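Student: Structure provided below as structure tokens; questions to follow.
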Amino acid sequence: MKNIIKLIILSLLFASCGGDKKQSIEDILATGDVKTIQTRKDNLIAQQQELAKKIKQLDDSLKVLNPERNVPLVTTITAKTEKFNHYLELQGSVETKQNLVLTPEMGGILKQVFVKEGDNVSKGQILARIDDGGLAQQKAQLQIQSDLAKTTFERQKRLWEQKIGSEIQYLSAKSSYEALEESVNQINQQLAKTAVRAPFSGVIDDVITEQGSVVAPGQTPLMRLVNLSDMYITTDIPESYITTITEGKKVEVTFPILGKTLDTEVRQTGNFINPANRTFKVEIAVPNKDKNIKPNLTARLKINDYTSEDAILIPQGIISENANGEQYIYVLEKRDDISSAKQVIIETGKTQGDVIEVLNGLSAGDKIIDEGARSVKNGQAVREVEPKV
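With the first letter of the sequence shown counted as 1, position 5 gets the number 54 in our numbering; the numbers rise by one all the way through.
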């Protein structure tokens with residue numbers, strides 16, 4: 050059939066050109082005769098129309114004899130159920146609640162500094178000492194008076210128990226002893242403030258004030274103490290996720306600078322919506338056994354806010370939308386030996402990357418038209434081929 054078409058086209062072309070061998074188009078144009086040029090143009094148009102008519106007749110005949118000649122080729126994917134995890138992707142910053150700049154409780158001269166940068170210290174360990182300004186001598190004097198008052202009180206008590214002496218003598222001795230004991234306790238409390246102790250275990254990150262400096266209570270920064278064991282990440286979550294992102298949700302944390310990824314979970318969610326940006330805060334625990342995660346380090350978060358055990362996922366690129374705003378795709382429908390494209394209205398859910406979940410309209414096992422989906426129509430015959438590798 051193809052050879053017949055070629056012969057007819059060649060014969061028509063030969064016929065159109067054969068009668069004008071003696072006079073070419075260039076020769077006719079060279080004459081400058083309008084009538085001659087117009088006549089030749091009319092002849093060519095008539096030949097063109099006749100040729101187009103014959104080609105249409107041949108094409109109509111081919112459609113009858115070979116109906117699959119112009120059938121579009123498509124590839125398909127088979128709908129199947131699978132587990133689908135959707136993740137909310139955000140950015141957060143690493144923090145620790147045990148990152149503290151220590152200041153003295155008592156003013157005076159910084160007499161001794163017992164640690165240096167990088168030292169590991171334990172909770173309660175003495176890190177520095179401030180000059181007591183003579184409190185130790187005052188305590189010694191009061192302690193002597195307290196010891197004497199104690200002896201006097203004990204003797205007076207024994208006499209009082211033997212009904213010797215007056216009650217006022219007994220009470221006076223008791224009062225003097227208790228007052229001196231209280232004074233000693235107060236001085237001990239003041240002396241305790243001269244020792245700067247670690248409020249928690251950690252690492253001395255920086256010694257800020259050198260030994261011999263004069264320090265003021267609650268104002269002069271002495272050193273920074275950091276504990277890298279209890280680290281966490283804070284981030285702001287849009288309020289629309291308040292019911293889906295809860296304590297215990299799985300989180301994938303990536304630290305781009307470290308090239309490190311770890312799995313953890315949400316350990317706390319905020320109970321306050323920020324009216325400025327309509328978000329709430331969450332805390333995500335960060336295991337830090339290697340101690341290489343530092344405060345204020347930037348982290349990328351993927352928080353699992355939705356999971357479906359039997360989801361049907363399809364590529365987003367094959368979905369179209371009609372005039373009513375409905376989404377549709379084409380599935381392959383078999384009729385005897387002929388395949389056709391069937392338009393199916395679908396309802397979609399969450400997306401992840403290039404795929405989207407289909408909530409309604411598809412069933413497992415349906416053959417979805419993938420390549421060629423944009424060029425077919427509802428009910429059109431199609432031919433399924435293997436996708437290109």
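The C-beta atom is built at its ideal place from N, Cα and C for all residues, glycine as well. Model, not experiment: these values are computed from the prediction.
Which term fits Ile-363, buried or exposed, when burial requires 16 or more other beta carbons within 10 angstroms of its beta carbon?
Tutor: buried
Student: Using the C-alpha atoms, what's the distance from Pro-266 back to Arg-246?
Tutor: 14 Å
Student: What is the C-beta distance between Leu-159 and Ala-177, in whole angstroms, given that I count them as a contact (C-beta under 8 Å)?
Tutor: 6 Å
Student: Rounded to a whole number of angstroms, what is the C-alpha to C-alpha distance between Val-431 and Leu-100?
Tutor: 30 Å
Student: Which same chain residues end up closer than 8 Å to Gln-194 when comparing Cβ atoms and leaving out the 5 residues on each side of it in sequence?
Tutor: Leu-229
Student: Return helix, strand or coil for Glu-227, following the three-state DSSP convention.
Tutor: Helix, per DSSP.
Student: Quick one: residues in its chain with C-beta nearer than 8 Å to the C-beta of Thr-201, no 5 flanking neighbours on either side, listed in chain order?
Tutor: Only residues of its own chain outside the window of five on either side were considered, and among them Ala-222, Ser-225, Tyr-226 have a CB closer than 8 Å to the CB of Thr-201, listed in chain order.
Student: Using 8 Å as the cut-off, can you tell me whether the region 263 to 278 makes contact with the region 138 to 148, which would need three or more C-beta pairs spanning the two stretches below that distance?
Tutor: Yes, they touch.
Student: Quick one: using the 10 Å Cβ neighbour count with 16 as the cut-off for buried, is Pro-153 buried or exposed?
Tutor: The Cβ neighbour count for Pro-153, taken over all protein chains shown within 10 Å, is at least 16; the residue is labelled buried.
Student: Which residue's Cα is closest to the Cα of Ile-367: Leu-107, Gln-98, Thr-125?
Tutor: Thr-125
Student: My output table needs one value for Gln-190: the three-state DSSP class, helix, strand or coil.
Tutor: helix
Student: Ends of the beta strand (DSSP E) at Leu-274?
Tutor: 272 to 275
Student: Quick test of the definition: if touching needs 3 or more C-beta pairs under 8 Å, does the region 337 to 354 touch the region 127 to 138?
Tutor: yes
Student: Taking 6 Å as the limit between beta carbons, can you name the residues of its chain near Ala-244, skipping five residues before and five after?
Tutor: Ile-175, Arg-178
Student: For Val-302, count neighbouring C-beta atoms within 10 Å of its own C-beta (all shown protein chains included) and say buried if the count is 16 or more, exposed if not.
Tutor: buried
Student: Check for me: the alpha helix (DSSP H) holding Ala-79 runs from which residue to which?
Tutor: 74 to 80
Student: For the putative contact between Tyr-281 and Val-335, defined by C-beta atoms under 8 Å, what is the C-beta separation to the nearest angstrom?
Tutor: 6 Å
Student: Please name the residue in Arg-89, Ser-357, Ile-394 whose C-alpha comes closest to that of Ala-372.
Tutor: Distance from the Cα of Ala-372 is smallest, within the candidate group Arg-89, Ser-357, Ile-394, for Ile-394.
Student: Pick out whichever of Tyr-377, Gln-401, Gly-414, Gly-167 has its Cα sitting closest to the Cα of Gly-251.
Tutor: Gly-167
Student: Here's the rule: buried if 16 or more other CB atoms are within 10 angstroms of the residue's CB, otherwise exposed. What is Thr-356?
Tutor: exposed
Student: Do you know how far the Cα of Ala-422 is from the Cα of Thr-130?
Tutor: Answer to the nearest angstrom: the Cα atoms are 21 Å apart.
Student: If you measure between the beta carbons of Gln-187 and Ile-236, is that distance less than 8 Å?
Tutor: yes
Student: Determine the contact status of Gly-398 and Leu-411, defining contact as a CB-CB distance below 8 Å.
Tutor: no
Student: Quickly, what does DSSP pair Tyr-377 with across the bridge? List them, please.
Tutor: Ser-369, Ile-394
Student: To test your reading of the DSSP string, which unbroken beta strand (DSSP E) runs of 3 or more residues are found completely within the region 249 to 313?
Tutor: 251 to 256, 272 to 275, 280 to 287, 299 to 304
Student: Any idea if Lys-298 is buried or exposed, counting beta-carbon neighbours within 10 angstroms, 16 or more meaning buried?
Tutor: buried
Student: Just to confirm before moving on: does the CB-CB distance between Ala-348 and Glu-406 stay below 8 Å?
Tutor: Cβ atoms of Ala-348 and Glu-406: not closer than 8 Å.
Student: In the DSSP assignment, the beta strand (DSSP E) including Ile-417 goes from what residue to what residue?
Tutor: 416 to 418
Student: So for Ser-389, helix, strand or coil by DSSP?
Tutor: strand
Student: Measure how close the beta-carbons of Ile-257 and Phe-304 come, nearest whole angstrom, since I'm counting them as under 8 Å.
Tutor: Incorrect: roughly 28 Å between the Cβ atoms, too far for contact.
Student: So Asp-359 is in the beta strand (DSSP E); what residue range does that whole segment cover?
Tutor: It spans 347 to 364 - the beta strand (DSSP E) in which Asp-359 sits, taken as one unbroken run.
Student: Is Asn-148 helix, strand or coil when you go by DSSP?
Tutor: strand
Student: What's the C-alpha gap between Gly-182 and Val-162?
Tutor: Using only the alpha carbons, I get a separation of about 17 Å.
Student: Please say whether Asn-323 and Ser-142 have beta carbons closer to each other than 8 Å?
Tutor: no
Student: What's the C-alpha gap between Asp-108 and Val-120?
Tutor: 14 Å
Student: Note down, in chain order, each residue of its chain lying with its Cβ closer than 8 Å to the Cβ of Ser-369, except the 5 sequence neighbours on either side.
Tutor: Gln-376, Tyr-377, Ile-378, Ala-422, Arg-423
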